[in-house]
Amino acid sequence: MSALPAQTRPARRSAPAPARRLRPAPEPGARRARPRLAYAVVALASIGAIAVVQLLLSIAMTQGAYELDAELQKQAQLQREQQKLSDDLDRLESPQFLAANAEALGMVPNSDPVYLRLSDGAVLGDPTAAAGGAASSAALVPNALIDGVPLVTEQPQAETAKGEGGKPDSPADGTPAAPPALTDGLPTPATH
Amino acid sequence: MNRVSRHPMRRIVAAGLALVLMVGWFVVRLVDIQVVRAAELNEASKDVRSETDVIYGERGAILDANGTVLAESVMRYNITLSPKQAMATESFEREAADGGTVDVARDEALAELGEVIGRTGAELRTQIDGELADDPKADFAYIAKRVDTDVYERVKALGIPFVYSEEVPSRRYPNGAVAGNLIGFVTEEGEPGAGLEYSEDACLASEDGEMTWLHSLKDWVAIPGSEVVNTTAHDGGDLQLTIDSDLQYFVQRVAAARVAETGADWATVTVMEAKTGRLLAVADVPTVDPNSPSSVDADDRGSRAFTAPFEPGSTFKALTSASVIDAGEGSPTSGVTADFRYLPPNGANINDSHYHGPENYTMTGMLIDSSNTAMSMFGERVSDERRYQDMVDFGLGSPSEVGFAGESGGDLHGGPDEWDNQTKYATMFGQGLTTTAIQIASVYQTLANGGVRMPVTLVEGCRQPDGTLTEAASDEGRRVVSEKAADETSEMLEQVYLHGWLADQWNIPGYRVAAKTGTAQVPDGNGGYQAGYLVSVSGFAPADDPEFVVSVSIMNPVKMNSSAASAPVFQQVMSQVLKKYRTVPSGAQAPELPATW
Numbered sequence: 001m002s003a004l005p006a007q008t009r010p011a012r013r014s015a016p017a018p019a020r021r022l023r024p025a026p027e028p029g030a031r032r033a034r035p036r037l038a039y040a041v042v043a044l045a046s047i048g049a050i051a052v053v054q055l056l057l058s059i060a061m062t063q064g065a066y067e068l069d070a071e072l073q074k075q076a077q078l079q080r081e082q083q084k085l086s087d088d089l090d091r092l093e094s095p096q097f098l099a100a101n102a103e104a105l106g107m108v109p110n111s112d113p114v115y116l117r118l119s120d121g122a123v124l125g126d127p128t129a130a131a132g133g134a135a136s137s138a139a140l141v142p143n144a145l146i147d148g149v150p151l152v153t154e155q156p157q158a159e160t161a162k163g164e165g166g167k168p169d170s171p172a173d174g175t176p177a178a179p180p181a182l183t184d185g186l187p188t189p190a191t192h
Numbered sequence: 001m002n003r004v005s006r007h008p009m010r011r012i013v014a015a016g017l018a019l020v021l022m023v024g025w026f027v028v029r030l031v032d033i034q035v036v037r038a039a040e041l042n043e044a045s046k047d048v049r050s051e052t053d054v055i056y057g058e059r060g061a062i063l064d065a066n067g068t069v070l071a072e073s074v075m076r077y078n079i080t081l082s083p084k085q086a087m088a089t090e091s092f093e094r095e096a097a098d099g100g101t102v103d104v105a106r107d108e109a110l111a112e113l114g115e116v117i118g119r120t121g122a123e124l125r126t127q128i129d130g131e132l133a134d135d136p137k138a139d140f141a142y143i144a145k146r147v148d149t150d151v152y153e154r155v156k157a158l159g160i161p162f163v164y165s166e167e168v169p170s171r172r173y174p175n176g177a178v179a180g181n182l183i184g185f186v187t188e189e190g191e192p193g194a195g196l197e198y199s200e201d202a203c204l205a206s207e208d209g210e211m212t213w214l215h216s217l218k219d220w221v222a223i224p225g226s227e228v229v230n231t232t233a234h235d236g237g238d239l240q241l242t243i244d245s246d247l248q249y250f251v252q253r254v255a256a257a258r259v260a261e262t263g264a265d266w267a268t269v270t271v272m273e274a275k276t277g278r279l280l281a282v283a284d285v286p287t288v289d290p291n292s293p294s295s296v297d298a299d300d301r302g303s304r305a306f307t308a309p310f311e312p313g314s315t316f317k318a319l320t321s322a323s324v325i326d327a328g329e330g331s332p333t334s335g336v337t338a339d340f341r342y343l344p345p346n347g348a349n350i351n352d353s354h355y356h357g358p359e360n361y362t363m364t365g366m367l368i369d370s371s372n373t374a375m376s377m378f379g380e381r382v383s384d385e386r387r388y389q390d391m392v393d394f395g396l397g398s399p400s401e402v403g404f405a406g407e408s409g410g411d412l413h414g415g416p417d418e419w420d421n422q423t424k425y426a427t428m429f430g431q432g433l434t435t436t437a438i439q440i441a442s443v444y445q446t447l448a449n450g451g452v453r454m455p456v457t458l459v460e461g462c463r464q465p466d467g468t469l470t471e472a473a474s475d476e477g478r479r480v481v482s483e484k485a486a487d488e489t490s491e492m493l494e495q496v497y498l499h500g501w502l503a504d505q506w507n508i509p510g511y512r513v514a515a516k517t518g519t520a521q522v523p524d525g526n527g528g529y530q531a532g533y534l535v536s537v538s539g540f541a542p543a544d545d546p547e548f549v550v551s552v553s554i555m556n557p558v559k560m561n562s563s564a565a566s567a568p569v570f571q572q573v574m575s576q577v578l579k580k581y582r583t584v585p586s587g588a589q590a591p592e593l594p595a596t597w
């Protein structure tokens, strides 16, 4: 297919030569001067813009670094707070402390198991009164963590609105102490 | 045309050459800095403002069967000061509450500091002077170790410029001495010191990581993007035990009270699930509080239930009886006629603990009266080899599956070939060989579980940080004696519980119980026996469908040198176990078996 048009192409020489005419050569640079300046301006402006943006970004990053640092310190502070509170909680829920409090309130263990079967009201086992007398058992199973923590019976009767850290609320006055005050209202989840 | 343009090529070549030289120099410098001296320069740059911090991996917690924390990792703080700076600081400024500043004199500050950490200001001053006397340039001294967060914050609040602090990852045992002998402790250097902390360190251990970061010059704010984690930290796994901490507390309390009452050297109480071999409580007295392990003798810090083998004495007769029945050489009602002394043909000399004339004992009666002579007559019906093999099958002579730190396997006195004539008989009633309290509990577990021994389990497994449980304990049992032998032995032990001399003291109303006492002589280490005894009770309940095994051993209760010392402990602990796990009381009474014929 490609060979065919070549055969039919007219010979160049048969075309009449165009007449040559002299004309002034264009001044070099005269027409390009304006576009070159525009390019320079655009380039310089871009560099300037990039520099400004980078500066702003860097400022923002530095600002962020300080904010991050503040938040990290707050986090560490809160972690320590949490640690302190869980220390207190562990002390209060240890079996030694619970047993010592129960004994201080006059409770005695009854080791005789007796059950009431609900289906027919049958009593399983022989009911026996508690022997009691298992006082001052605290020293038998020591716990260095609760040394010096006052028992419920040793608490001051007057309770402040906010329970003091490390001490359980006193049940002695009959009314349970008010829960700690919420400073920012009830916590609500932030949803979007 | 001007002159410079006359040789345009020369100019271009010169400029090109200059350019090539310049670029070449840059390349050389680049390679030099980035490749040749890279490591050296990196090091130098780190020294300038870079900080290296440890990222602490958290050592795993130890949890009881219900998830109660028995041991946990906490951050504690060492308070330090610089003696040199302290003496150079006559006074310093502190921010006052009203926003201004107040001048605080050094001695005043020391007094305040002493009050917070529980020392006096004069004491601190003496320490500073002492440090400076040793070394006038002393810049570092500990003034308090491992203080808690509260004290740390109060020290910080004082704002004393020459006082510093450092973080120390530490261990805390919220329940104090509850299971303290099992858990062990971690030393001040952070090394596992004893117990499970030591033997299960592979599960608990964490790995610290390391990071470097750059900080700003004045206020030590991290430069964004400069943090590099060199090694990541790995948290340890949580150790899940089969122990129930409430029950453990109760058992320890009862045991400790009894030890104090009877003036005993030590005691162990073991509570085991009869159907699974899981240990619910292992109490050791004297008890160690892992929060202050140094408050008891080093010998008392481990768990004697695992580490201290003893001659079990008469509780062992249950095993020999099961062997005799399993071998088809006797039944609960088969009889012998036994005097208080028995002189077998091989030259041994067997005596009962009390004088009696010839008695027509059944095997049941032998157990009720705990007669050594009658036991010998039954025991000699079985070959020594077979008895020895049964002991091994019951788990004696080798440490249990728990693999506790320093656990003993007991000693079966070699084997039948090495037993002398006396030992051949003595091993029938639990003398001349040693077992641990855990092994005895395991023997009773096997009898309670129809002759199938379950592996002794203290550690359920290791809970990895990703939540999977690894190293889970095996729960495959192994038949030791026939079900008939185990059940008949159990029925005989019920008769011991009902008619033995301690029947009134260990009575648990409403339940069928199987139990046996032991009053064993204790070797004095010189071939003879000590004056005191190791008194014990082992048993299980409810005997009609055994759920729990309780084994009590008390060493040398000087004020009451008989198994009467251990019976009330057995009674209280078993009652508590049955109550705690809401075990339905037995309906009927145990069938009676004749003690004589």
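Chains as they are written, first to last, in full-length UniProt numbering: chain A, 1 to 192; chain B, 1 to 597. For every residue, glycine included, the Cβ atom is placed at its ideal position computed from N, Cα and C. Computed from a predicted model, the values in this text were never measured in an experiment.
Those residues which DSSP pairs with residue i across a bridge
i      : result
S551/B : T270/B and S538/B
V443/B : None; V443/B has no bridge partner.
H215/B : A222/B
R94/B  : V102/B
D148/B : D148/B pairs with nothing; no bridge assigned.
V229/B : M211/B
Contact list for residue i against chain B, beta-carbon separation under 8 Å
i      : result
S94/A  : P174, N175, G176 and V178
G148/A : Near G148/A there are no residues of chain B at all, since even the closest Cβ is about 12 Å away, more than 8 Å.
V141/A : G176, A177, V178, Y249, Q252, R253, A256 and T287
T128/A : P509
L124/A : G510, V584 and P585
Distance, residue j Cα to residue i Cα
i             : j      : result
L204/B        : A267/B : 29 Å
M9/B          : L17/B  : 12 Å
V20/B         : V42/A  : 29 Å
G365/B        : G467/B : 54 Å
residue 629/B : E72/B  : Outside the displayed span of chain B (1 to 597) sits residue 629/B, for which this structure offers no information.
H499/B        : R463/B : 47 Å
E131/B        : D150/B : 27 Å
G125/A        : P113/A : 7 Å
A595/B        : Q530/B : 32 Å
G166/A        : N143/A : At G166/A the pLDDT is 42, less than 50, meaning the model places this residue with poor confidence; the figure from the coordinates comes in the next sentence. Each residue's Cα considered, the two are about 16 Å apart.
T187/B        : V116/B : 25 Å
A161/A        : L70/B  : Here A161/A scores only 41 on pLDDT, less than 50, and its place in the model should not be relied on; the value that follows carries that caveat. Rounded to the nearest angstrom, the two C-alpha atoms are 33 Å apart.
I33/B         : W25/B  : 12 Å
S383/B        : G313/B : 20 Å
G409/B        : M377/B : 28 Å
S334/B        : G236/B : 58 Å
Proximity winner among the options, relative to residue i (alpha-carbon distances)
i      : options                           : result
V152/A : E81/A, T62/A, A104/A and Q73/A    : A104/A
L593/B : V74/B, N507/B and E491/B          : E491/B
V168/B : A86/B, E43/B and E58/B            : E58/B
V535/B : R453/B, A264/B and I325/B         : A264/B
A260/B : N556/B, G587/B and P585/B         : N556/B
E112/B : G159/B, T80/B and G67/B           : G159/B
L367/B : D208/B, D246/B, A515/B and V254/B : A515/B
Contacts that residue i makes with chain B (C-beta to C-beta distance below 7 Å)
i      : result
A144/A : G176, D289, N291 and S292
M61/A  : P224
Amino acids of chain B, ordered along the chain, whose beta-carbon sits closer than 9 Å to that of residue i
i             : result
residue 226/A : Past the edges of chain A, shown from 1 to 192, lies residue 226/A, and the structure says nothing about it.
A121/A        : Checking the displayed sequence, the identity of residue 121/A turns out to be Gly instead of Ala. Under the 9 Å cutoff, chain B gives no residues; its nearest Cβ is about 15 Å from G121/A.
Cross-chain neighbours of residue i in chain A, by beta carbon under 9 Å
i      : result
D246/B : P95
Chain A contact residues for residue i, given Cβ-Cβ distances below 7 Å
i      : result
S170/B : Chain A residues near S170/B: none, gap ~11 Å exceeds 7 Å.
V221/B : A65, Y66 and D69
S398/B : What S398/B touches in chain A: nothing, since even the nearest Cβ is about 32 Å away.
Contact set between residue i and chain A, taken where Cβ atoms lie within less than 8 Å
i      : result
L578/B : P113
request  = With 9 Å as the C-beta to C-beta threshold (strictly closer), list the residues of the stretch 500-514 of chain B near chain A in chain order.
outcome  = I508, P509, G510 and Y511
Positions along the stretch 514-538 of chain B whose CB lies within less than 8 Å of some CB in chain A = none
ask   = What are the residues of the stretch 71-89 of chain A that lie near chain B, defined by any Cβ-Cβ distance shorter than 7 Å?
value = R80, Q83, K84 and D87
message = Beta carbons nearer than 8 Å to chain A: which residues of the stretch 134-162 of chain B have them?
response = D148, T149, D150, Y152 and E153
task = Mind checking the stretch 73-105 of chain B against chain E and listing, in chain order, the residues whose C-beta falls within less than 9 Å of any C-beta there?
result = Although the question refers to chain E, the structure presented lacks it and instead comprises the protein chains A and B.
message = Beta carbons nearer than 9 Å to chain A: which residues of the stretch 29-63 of chain B have them?
response = none
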